[in-house]
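The sequence shown begins at 803 in the working numbering and counts up one residue at a time.
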Amino acid sequence: MADRRVPPQETPPLEASIAEAHQERPDGGVWEHPVMILSLIVACSVIFAALFIGWAFSL
803 MADRRVPPQE TPPLEASIAE AHQERPDGGV WEHPVMILSL IVACSVIFAA LFIGWAFSL
């Protein structure tokens with residue numbers, strides 16, 4: 803096998819590639835839908851606060 807090294811400034815040749823170059827969208831992960839996550843946090847906080855207030859007034 804021949805040792806074909808490509809200089810660092812050059813792109814190596816592609817073999818049998820028919821795909822067109824396209825920009826990939828970065829993965830949003832958890833932050834893809836921040837409104838949904840924020841509303842879930844607020845809803846849980848309100849429920850916890852209501853339970854705590856109910857417990858405080860029942861004493």
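Using N, Cα and C, we set each Cβ at its ideal position, and we do this for glycine too.
- Our two residues, residue 854 and residue 836, have alpha carbons roughly 27 Å apart in a direct line.
- For residue 856, the enclosing alpha helix (DSSP H) starts and ends at 836-860.
- A straight line joining the alpha-carbon of residue 856 with that of residue 834 spans about 35 Å.
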